[in-house]
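In what follows, a single structure is set out as structure tokens and then discussed.
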Amino acid sequence: MLSCPDPDTTSLKWGVIPKPWIENPYSPNRVQGEDGTRFVRANIMVAGMGRGVVCAYSNSLGLYSIWWPVRVKIPARTDYNWIDTYGGFVCTQSLTDCIFSIATD
47 MLSCPDPDTT SLKWGVIPKP WIENPYSPNR VQGEDGTRFV RANIMVAGMG RGVVCAYSNS
107 LGLYSIWWPV RVKIPARTDY NWIDTYGGFV CTQSLTDCIF SIATD
């Protein structure tokens with residue numbers, strides 16, 4: 047089980063995106079290391095199957111997001127942390143609640 051990178055304990059703290067995550071090309075702002083940055087939400091992007099995870103964070107400059115383009119398992123219907131939305135799933139709980147699994151062949 048995996049979760050989005052913690053902005054307090056990973057390289058996000060210094061504005062560096064941890065591997066294998068990359069900058070989301072649709073992010074409204076660039077990644078910025080700043081005290082007080084907080085996790086906002088995670089999205090599992092779906093196009094038939096999980097196509098990646100986007101993690102959004104908030105700081106004084108606004109929102110920024112990072113993306114991991116990897117096959118992701120679709121959350122179980124009994125996992126109430128993830129809400130089924132158009133185009134995927136969203137979790138707005140804590141980092142420890144927004145966990146996901148990578149799909150393996």
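Numbering (my numbering) for the sequence shown: 47 to 151. Every residue gets a Cβ at the ideal spot worked out from N, C-alpha and C, and that includes glycine.
P53 is classed as buried because its beta carbon has at least 16 other beta carbons within 10 Å across all chains shown.
Apart from the 5 residues on each side of it in sequence, G61 sits with its Cβ closer than 7 Å to the Cβ of V77, Q78, G79 in its chain, given in chain order. Per the C-alpha coordinates, the member of F135, V99, N105, I68 positioned closest to G82 is N105.
Take W128, set aside five residues on each side of it, and the residues of its chain with a beta-carbon closer than 6 Å to its own are P121, F135, C137, in chain order. The Cβ neighbour count for S111, taken over all protein chains shown within 10 Å, is at least 16; the residue is labelled buried.
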